[in-house]
Structures are given as structure tokens and as C-alpha cells.
Ligand code: BDR
Ligand code: CA
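Numbering (the working numbering), first residue to last: 52 to 362.
See the structure below:
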């Protein structure tokens, strides 16, 4: 079991991931960021979801816009409020600052904290820019984001870009080219782990069943699939079942401008050039293969266990 800071723009699949994390890891705090929803809504959503699921973790408010780009509209597929418009939300959108919470926590518990980032990487980039001394003190940063083209999975916002990276490509490029110890869980694997609407009902988790409705309707209408990709849950699956993933290793960058804005790229050329954009960058790990059955099995067993105990 790891000690986590869970960084999220909490929408529907983030909520599934949070439920899974709460049953398998120790949650030190939930840091919110813009993305699927505005950051204030993310604060409210995190508090509401924690109350409904009996998750005990403090919530922090992070960045409200990308580092360099103009803000773009929130995603709509998670419902207007990001949690399927299933509940009235009485919570305040005010909370202590996420970036200082990340910095202070890592300094206080060096080498102990795993960061899980399942939204735009703006909070993480801001933390390492403000306090580069924390970089070697982070145990691991697990990112759901990016797409490297395996089996045609090269993007879900544009043909080149995945949503979390596309929202703030400058932050993502800084984080991926930093010396943080990173594992990237991209669309290449998250699109392979699907859950059907009937299986969601069988989890017997009324809150998850309620928030997922518009997301499933969107998926059925757009993709003809009555279910969803688990996406953010795969970042937690990496912590629970690392043996289920096949990793590639090498330096990573993000394209920040032009038609391929938000594209994640890894070094595949052996060309030695003075202009090599990967020059002197550390190797990072990227999951390009996954045993979907193993991941699904552990996720189902964990979430459908009504005692809330950890399988
Ligand atoms: C990512 O985009 C968001 O909408 C999801 O929550 C997930 O983090 C998938 O591309
Ligand atoms: Ca997310």
C-alpha cells in the first residue's frame, strides 16, 4: 500500500479511480485542477464524492488554468457538473492551496509519497517549478495521459492528442522531461480495459451507477459501445498490479504548438544530432501493453466487496 496524493480534475472516471484508490492505498490528500470541470467544481466534486463514498481525505484547490495557453471549456461528457448531474452539491469551492500542499508534504515525507495525476499536469509542473528540490524526493509520479499510437490509439481530442495532455501541453512537457520518476499510463492501455454498463450495475455501488449515466449515454451515442473505458482507474491499477503492464523506457516530450499540439512523443530514432530534442533527458516508463483481464478482475473484486475491505 502506498501513500498517495491524488491529483484530479474529478469527472466520472476520476471518481471510479478515487473509489479504487481509497480501497487499496493510503490517501494523504486530494488535489484538484481544472480539466473535466473548472477547478472550483472539482473541489466541490471531490468533497461530495468523498462524503457519498465515505472516503476520508482532505481536499485542496489547485490551478484554474494552463501554464501558457488560454483556458478552454470544460469537457461535457461527464455531465454539466462533472459527476453526471446526479446529486445536489452543497459544498464550498474554497479550499487550501494544492501546490503548497504537494510541496510541503513531499518535503515532510521524503521518498514516501506517490503522486497520481489523472488530469492536466499543471499542479505538478507548478510544484516542481516552485520547489525543484522536491523532484528527487517524490517516490513515483503515475500519470494517466498521453497516447503513443498503439493499435491506432493516438488521441481522443485530436488525432494526435489525449485530453489531459492537450489541456496543458507545456505543463506536461515540463513534467515528462524533468527528473521525476514517472510512469505514464496512456490511451494505448486505457482503451483496452473496458467495463460494460451491466457490469457497472453489478458492482452494486449506487453512487457509481448514478454518476455514470450521461457518460454511458455519450459513449453509446458516439461509439456505439454500452460501457466505458476505465481510463484513470488504470493509474491505480499500476499501483495494485504492476505485473499486468508491459512498459517501454525512454525519454519523452510533448508537442506544445501546431497541428500536433498535445501529442506525446518518445525517442525512437537512434539519430545522434546536435538538435536532438531528447538530448540529456532522463528515461521515463510508458505502459504500452496491459493484461486487461487481470486488471478488470482485481478492480471488480475490490469495488464489489461491500465490506469495503481490501482484497
Ligand atoms: C482522460 O480525459 C478525461 O476526460 C478523463 O477523466 C481522463 O483523465 C482520458 O483521456
Ligand atoms: Ca481525469
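Just so you know, even glycine gets a beta-carbon here, dropped at the ideal spot from N, CA and C. All of these numbers come straight from a predicted model, not from anything done at the bench.
Alpha carbon of residue i to alpha carbon of residue j, nearest angstrom
i           : j           : result
residue 57  : residue 172 : 12 Å
residue 110 : residue 95  : 9 Å
residue 118 : residue 283 : 22 Å
residue 362 : residue 344 : Note on residue 362: pLDDT 48, under 50, position unreliable in the model; the coordinate value appears next. Whole-angstrom Cα-Cα distance: 16 Å.
residue 288 : residue 346 : 6 Å
residue 205 : residue 319 : 16 Å
residue 240 : residue 175 : 23 Å
residue 363 : residue 54  : Coverage of the chain is limited to positions 52 through 362, which leaves residue 363 absent and any answer about it impossible.
residue 202 : residue 212 : 15 Å
residue 271 : residue 260 : 16 Å
residue 307 : residue 256 : 40 Å
residue 325 : residue 331 : 11 Å
residue 177 : residue 150 : 7 Å
residue 60  : residue 279 : 18 Å
residue 188 : residue 249 : 43 Å
residue 89  : residue 124 : 8 Å
residue 245 : residue 147 : 35 Å
residue 348 : residue 252 : 15 Å
residue 273 : residue 155 : 43 Å
residue 266 : residue 314 : 25 Å
residue 86  : residue 293 : 27 Å
residue 351 : residue 215 : 25 Å
residue 128 : residue 137 : 14 Å
residue 234 : residue 100 : 26 Å
residue 139 : residue 309 : 40 Å
residue 328 : residue 355 : 46 Å
residue 108 : residue 247 : 29 Å
Near ligand 2: residue i beta-carbon under 8 Å from a heavy atom
i           : result
residue 65  : yes
residue 61  : yes
residue 282 : yes
residue 86  : yes
residue 215 : yes
residue 157 : no
residue 170 : yes
residue 195 : yes
Whole-angstrom C-beta distance between residue j and residue i, which should lie under 8 Å
i           : j           : result
residue 353 : residue 112 : Not quite, the Cβ-Cβ distance comes to about 29 Å (not below 8 Å), so this is no contact.
residue 228 : residue 304 : 6 Å
residue 296 : residue 341 : 5 Å
residue 181 : residue 144 : Between residue 144 and residue 181 the Cβ distance is about 23 Å, and since that is not below 8 Å, they are no contact.
residue 263 : residue 135 : 6 Å
residue 83  : residue 153 : Incorrect: roughly 12 Å between the Cβ atoms, too far for contact.
residue 238 : residue 207 : 6 Å
residue 298 : residue 338 : 6 Å
Residues sharing a beta bridge with residue i, DSSP
i           : result
residue 279 : 246
residue 58  : 82, 168
residue 195 : 236
residue 341 : 296
residue 111 : 82
residue 303 : 317
residue 148 : 112
residue 158 : Answer by DSSP bridge pairing: none, since residue 158 is not bridged.
residue 335 : 301
residue 77  : 54
Proximity test, residue i beta-carbon vs ligand 1 heavy atom, cut-off 8 Å
i           : result
residue 192 : no
residue 55  : no
residue 175 : no
residue 106 : no
residue 254 : no
residue 241 : yes
residue 128 : yes
residue 33  : Because the chain is modelled from 52 through 362, residue 33 falls outside the range shown and cannot be assessed.
residue 238 : yes
residue 96  : no
residue 140 : no
Ligand 4 heavy atom lying under 8 Å from the CB of residue i
i           : result
residue 180 : The model depicted lacks ligand 4 and carries ligand 1 and ligand 2 instead.
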